[in-house]
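Below is one structure; the comments refer to it alone.
Okay, structure coming up:
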């Protein structure tokens with residue numbers, strides 16, 4: 133809870149003053165995400181999985197050998213696995229066209245004539261991030277009904293992973309101008325990304341496996357604050373997206 | 177005070193040059209009309225000035241400051257050439273969102289007032305997916321003025337509107353100028369530009385080929401004015417001599433029994449023709465000089 137309070141505090145501070153226009157875009161993005169049927173389905177899957185995996189988590193403890201830390205946090209395992217394997221799919225499913233839809237339909241012109249391109253990218257990113265943060269907080273609250281508490285580490289790791297996935301979706305939406313193509317690509321990336329990422333983490337030490345350092349999964353191995361490096365990767369992705377978008381004509 | 181200043185602004189897509197060096201100064205309080213055939217580069221020019229596109233080279237300033245600064249963007253209103261809106265939002269929701277984004281939030285009352293001013297009073301709550309082309313055009317103007325900007329860019333504001341709406345929007349543009357706003361507009365409606373614009377630039381193939389007030393442009397083209405005269409019958413003995421003289425005085429001579437039409441290069445020639453007719457014992461009853469319209473100037477350019 134401390135992390136989310138800090139994040140929201142940072143967000144609120146960031147959006148004040150000169151960044152208020154970014155807030156307007158973030159607010160619109162945030163509320164529009166709740167309006168589509170796709171989001172409602174994703175929220176339902178998230179809450180359903182969180183609640184029932186926490187409720188029946190004791191079954192897992194009987195069949196698998198787990199560390200004491202894992203045993204202590206077994207209630208949130210269902211939610212963790214869901215985000216780890218399907219988080220990318222959910223994020224791209226909802227936000228694959230966050231930038232390119234506006235460019236394609238030319239509504240972006242109303243935005244770029246009013247605010248900077250960096251504010252648009254940042255606003256879109258924070259709007260989606262806030263949506264997922266709210267969903268995640270509610271999911272963890274559901275889990276806490278059974279676990280009687282929330283592991284800050286697991287929450288932080290899950291939120292960092294989602295932050296990376298959101299940043300990647302924004303980048304893809306900036307690079308590819310056709311929304312229909314990002315929808316298709318989103319499904320492919322959503323399925324392949326976690327498989328490749330996890331495979332690279334546990335794969336051999338060939339040059340190919342060095343790609344794991346730019347993917348988030350490697351930084352989730354340890355039960356410490358290594359996961360914060362994922363936020364740096366996410367920031368780099370947003371930085372690239374912003375630079376590309378600045379060069380692009382609308 | 178200068179509202180817009182561009183210096184040798186160029187834009188190219190690959191090897192294709194769309195703008196070939198536009199240098200222009202537009203004063204505050206003007207309604208500046210930008211004319212040109214399709215593909216002349218008008219919209220590209222507006223898109224660069226408003227941040228939609230980037231220039232290849234050259235520089236420009238808006239209201240005396242760098243165009244891409246937040247404070248500058250707050251002072252400009254833009255109606256792009258192609259207006260699509262968020263389909264599931266109403267006109268009022270659009271205006272509230274856009275005014276928030278401009279850093280000058282508008283109340284619901286202000287939004288309704290602006291929508292009324294563009295003639296959308298009966299459709300303020302309707303979602304824009306149900307809007308006609310003309311209604312979207314009007315909403316395009318409304319969103320450009322909602323935050324009370326100092327400078328307006330209007331890309332073909334009246335194209336596709338019915339006659340009544342055109343007059344309504346033209347009056348609105350004039351009233352905005354009376355409030356001290358500067359308006360930069362493109363149009364294909366030459367009568368409209370002639371009627372409401374204080375200065376006009378004509379663009380061709382990425383260059384401004386003519387720029388000035390309507391009077392300046394007309395005086396430039398007055399060198400080829402058409403003069404029509406009604407007169408008494410020309411005596412047969414004088415006819416051939418007179419015809420020969422008139423051919424030397426101007427071009428496109430059409431002589432009938434009691435009228436003639438000739439294109440001359442200056443106003444002096446009109447007096448000379450009248451004197452020549454009088455000397456040939458022909459009385460001049462009436463003289464009509466056809467002023468070049470903006471359409472003539474545009475076609476000539």
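Residue numbers (my numbering), protein chains in the order written: chain A, 133 to 382; chain B, 177 to 477. Using N, Cα and C, we set each Cβ at its ideal position, and we do this for glycine too. This one's a predicted model, so the numbers in the text were calculated from it and none came from an experiment.
Asked: By the 7 Å beta-carbon criterion, what residues does the segment 327 to 345 of chain A contribute toward chain B?; Found: none
Asked: At a CB-CB cut-off below 7 Å, which residues of chain B make contact with residue 382 of chain A?; Found: 228
Asked: Chain B partners of residue 244 of chain A, CB-CB under 7 Å?; Found: 227 and 228
Asked: Quick check on residue 177 of chain B: buried or exposed, where buried means 16 or more other Cβ atoms within 10 Å of its Cβ?; Found: exposed
Asked: For the alpha helix (DSSP H) containing residue 417 of chain B, name the first residue and the last one.; Found: 412 to 425
Asked: Should residue 434 of chain B be labelled buried (16 or more other beta-carbon atoms within 10 Å of its own) or exposed?; Found: exposed
Asked: Using CA coordinates, which residue listed in B:410, B:429, B:253 and B:320 is at the minimum distance from residue 404 of chain B?; Found: B:429
Asked: Using CA coordinates, which residue listed in B:340, B:292 and B:308 is at the minimum distance from residue 321 of chain B?; Found: B:292
Asked: For residue 227 of chain B and residue 361 of chain B, which I take to be in contact (beta-carbon distance under 8 Å), what is that distance rounded to the nearest angstrom?; Found: Not a contact, Cβ separation roughly 18 Å.
Asked: Taking the runs of the alpha helix (DSSP H) that are 4 residues or longer, which of them lie wholly in the segment 303 to 372 of chain B?; Found: 309 to 321, 339 to 354 and 366 to 372
Asked: Taking Cβ-Cβ distances below 8 Å as the criterion, which residues of the segment 263 to 290 of chain B are in contact with chain A?; Found: 264, 273, 274, 276, 277, 278 and 279
Asked: Using a Cβ-Cβ cut-off of 8 Å, state whether residue 239 of chain A counts as contacting chain B.; Found: yes
Asked: What is the DSSP secondary structure of residue 234 of chain A, counted as helix, strand or coil?; Found: helix
Asked: Report yes or no: is there a C-beta of chain A within less than 8 Å of the C-beta of residue 194 of chain B?; Found: no
Asked: Report the residues of the segment 150 to 166 of chain A with a CB closer than 8 Å to any CB of chain B, ordered along the chain.; Found: 150, 152, 153, 156, 157 and 160
Asked: Just the chain A side, please: which residues come within less than 7 Å of residue 258 of chain B by C-beta, in chain order?; Found: 238
Asked: How many angstroms separate the CA atom of residue 459 of chain B from the CA atom of residue 179 of chain B?; Found: 54 Å
Asked: Compare the C-beta of residue 247 of chain A against all C-beta atoms of chain B and say whether one is closer than 8 Å.; Found: yes
Asked: Are three or more beta carbon pairs between the segment 244 to 260 of chain A and the segment 260 to 280 of chain B nearer than 8 Å?; Found: yes
Asked: State yes or no: is the beta carbon of residue 238 of chain B nearer than 8 Å to at least one beta carbon in chain A?; Found: no
Asked: Taking just the CA atoms, how far does residue 352 of chain A sit from residue 190 of chain B?; Found: 46 Å
Asked: Would you decide whether residue 256 of chain A is buried or exposed? Buried here means 16 or more other CB atoms lie within 10 Å of its CB.; Found: buried
Asked: Go ahead and pull the three-state DSSP assignment for residue 371 of chain A.; Found: helix
Asked: So, for residue 329 of chain B: in the same chain, excluding its five sequence neighbours on each side, which residues have a beta-carbon less than 6 Å away from its beta-carbon?; Found: 222, 226, 254 and 360
Asked: Counting only the same chain and skipping the five closest in sequence on each side, list residues whose C-beta sits under 6 Å from that of residue 184 of chain B.; Found: 197, 199 and 234
Asked: Tell me which residues share the same chain as residue 382 of chain A and place their Cβ nearer than 7 Å to its Cβ, disregarding the 5 neighbours each side in the sequence.; Found: 235, 240, 241 and 244
Asked: Hey, quick one: how far does the alpha helix (DSSP H) through residue 176 of chain A stretch, first residue to last?; Found: 169 to 187
Asked: Taking the alpha-carbon of residue 347 of chain B as reference, which of B:187, B:369, B:331 and B:258 has the nearest alpha-carbon?; Found: B:369
Asked: Using a C-beta to C-beta distance shorter than 7 Å, which residues of chain A count as neighbours of residue 254 of chain B?; Found: 245
Asked: Relative to the alpha-carbon of residue 382 of chain B, which residue among B:187, B:182 and B:181 has its alpha-carbon at the smallest distance?; Found: B:187
Asked: If you run the structure through DSSP and keep just helix, strand and coil, what is residue 376 of chain B?; Found: strand
Asked: Rounded C-beta distance between residue 214 of chain A and residue 326 of chain A? I'm assuming under 8 Å.; Found: Contact flag wrong, Cβ pair sits at about 11 Å.
Asked: Going by other Cβ atoms of all chains shown within 10 Å of its Cβ, with 16 needed for buried, is residue 332 of chain B buried or exposed?; Found: buried
Asked: Which runs of the beta strand (DSSP E), 3 residues or longer, sit entirely within the segment 234 to 262 of chain B?; Found: 252 to 255
Asked: How is residue 446 of chain B classed by DSSP in three states: helix, strand or coil?; Found: helix
Asked: So what's residue 228 of chain B in DSSP terms, helix, strand or just coil?; Found: coil
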